[in-house]
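Enquirer:
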């Protein structure tokens with residue numbers, strides 16, 4: 009007597025349910041004003057991810073981070089320095105991941121070119137890059153605020 013029918017039987021290395029959806033799944037567009045900011049995340053394990061980062065808490069109330077549409081940042085050959093690849097693809101169908109604070113070594117601002125590629129690949133609005141003049145104005149503003157706070 010044959011056993012029960014089970015969902016998820018693999019064919020060509022993909023779960024049966026994901027075969028139809030894995031071919032370039034269309035994600036809903038996330039506007040710039042959506043909650044969270046796009047950051048480069050260095051994991052304590054040594055991995056590098058890029059995701060829209062949102063502050064949240066774990067079940068114990070400790071600080072954690074929700075990574076919305078995370079992509080792994082992989083160093084490739086010298087002609088193309090970095091490549092973005094789906095994070096945990098083939099392991100889960102979830103598009104968002106919560107990581108505990110201890111799993112994150114550092115949170116950084118990504119290079120504008122990498123940010124544009126990430127935003128395009130994940131269907132998100134990319135924040136405009138600051139021009140050198142805008143960066144100088146912001147630095148001067150921060151400097152004057154610092155001087156005013158000391159006085």
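In our numbering, the protein residues as written are 9 to 159. No residue lacks a Cβ here, since even glycine has one placed at the ideal position from N, Cα and C. Owing to the predicted nature of the structure, the values given are computational and were not obtained by experimental measurement.
1) With 16 other CB atoms within 10 Å as the buried threshold, where does residue 67 fall?
2) Count the CB pairs spanning the segment 71-82 and the segment 139-149 that are closer than 8 Å, and state whether there are at least three.
3) Do you know offhand how far residue 70's Cα is from residue 100's?
4) Decide if residue 47 is buried, meaning its Cβ has at least 16 other Cβ atoms within 10 Å, or exposed.
5) Let's test the definition: count the other Cβ atoms within 10 Å of the Cβ of residue 112 and tell me whether it reaches 16, buried, or not, exposed.
6) Go ahead and pull the three-state DSSP assignment for residue 92.
Expert: In terms of the structure at hand:
1) exposed
2) no
3) 25 Å
4) buried
5) buried
6) strand
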